[in-house]
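Student: Structure incoming, see below.
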């Protein structure tokens, strides 16, 4: 993850874009660390957060304005022109913003809903979106 940080700090980027992007990378790194300690629900939450923050970075980069307080991955994806192939990923990750945090959201205790397989899937899906955003931020 350090290589990403060095690369992005050397490029010229609007301050808000850099802040959102750096936090997106940190969230992704933290998601991996939580996977390693078997905190699967936290991995899923942080994956959703990393994608949200990466999309917000791209939103600011492209539209030159704040996306506001939205947490909608679909809205952000549409606004930044994410390719159709990523919409299923956004739909998979979106519910984790709520389900991972609130027992009444899925009528179960969040940490009991997630296992290693789900966490690994969320991590791979997130990495794919992050890589796409990274390429787009370079344009």
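In the numbering used here, the protein residues as written are 28 to 166. Glycine included, C-beta positions come from ideal geometry on N, C-alpha and C.
Return the chain-ordered ranges of every beta strand (DSSP E) run that is complete within the stretch 61–118 and spans a minimum of 3 residues.
Tutor: Taking only runs of at least 3 residues, no beta strand (DSSP E) segment lies wholly in the stretch 61–118.
Student: Among residues of its own chain, excluding the 5 on either side of residue 123, which ones have a beta-carbon nearer than 8 angstroms to its beta-carbon?
Tutor: Stepping through the chain shown from its first residue, residue 123 is reached at position 96. Result list for residue 123: 71, 72, 74, 75 and 149, in chain order.
Student: Exposed or buried, residue 51, counting other C-beta atoms within 10 Å across all chains shown (16 or more means buried)?
Tutor: On the chain shown, residue 51 is found 24 positions in, with the first residue counted as 1. With 16 or more Cβ atoms within 10 Å of its Cβ, residue 51 is classed as buried.
Student: State buried or exposed for residue 44, treating a residue as buried only when at least 16 other CB atoms are found within 10 Å of its CB.
Tutor: Counting from 1 along the chain shown, the entry for residue 44 is found at position 17. Buried.
Student: Contact between the stretch 100–108 and the stretch 57–70 is defined here as three or more beta-carbon pairs at a separation below 8 angstroms; is this criterion met?
Tutor: Short answer: they don't touch.
Student: Do you know how far the Cα of residue 137 is from the Cα of residue 145?
Tutor: Reading the chain shown from its first residue, position 118 is the one you call residue 145. Reading the chain shown from its first residue, position 110 is the one you call residue 137. Rounded to the nearest angstrom, the two C-alpha atoms are 13 angstroms apart.
Student: Buried or exposed: where does residue 129 fall if 16 or more other Cβ atoms within 10 Å of its Cβ makes it buried?
Tutor: Walking along the chain shown from the start, residue 129 turns up at place 102. By the 10 Å Cβ count, residue 129 comes out exposed.
Student: So for residue 142, helix, strand or coil by DSSP?
Tutor: Taking the first residue of the chain shown as position 1, residue 142 is located at position 115. Looking at residue 142 - three-state DSSP - the assignment turns out to be coil, as it is neither helix nor strand.
Student: Provide the residue span of the alpha helix (DSSP H) that contains residue 126, from first to last.
Tutor: As a first step, residue 126 is located in the chain shown; it is residue number 99 there, counting from the start. Start and end: 123–126.
Student: Exposed or buried, which one is residue 79 when buried takes at least 16 other CB atoms within 10 Å?
Tutor: Taking the chain shown and counting its residues from 1, the one referred to as residue 79 is at position 52. Buried.
Student: Thinking C-beta only, is residue 100 closer than 8 angstroms to residue 94?
Tutor: To locate residue 94, count along the chain shown from 1; it is residue 67. To locate residue 100, count along the chain shown from 1; it is residue 73. No, they are not a contact pair.
Student: Check the C-beta distance from residue 163 over to residue 85 and give it rounded, since I have them as a contact under 8 angstroms.
Tutor: Position 136 of the chain shown, counting from 1, holds the residue named residue 163. Position 58 of the chain shown, counting from 1, holds the residue named residue 85. Indeed they touch by this definition, with Cβ atoms about 6 angstroms apart.
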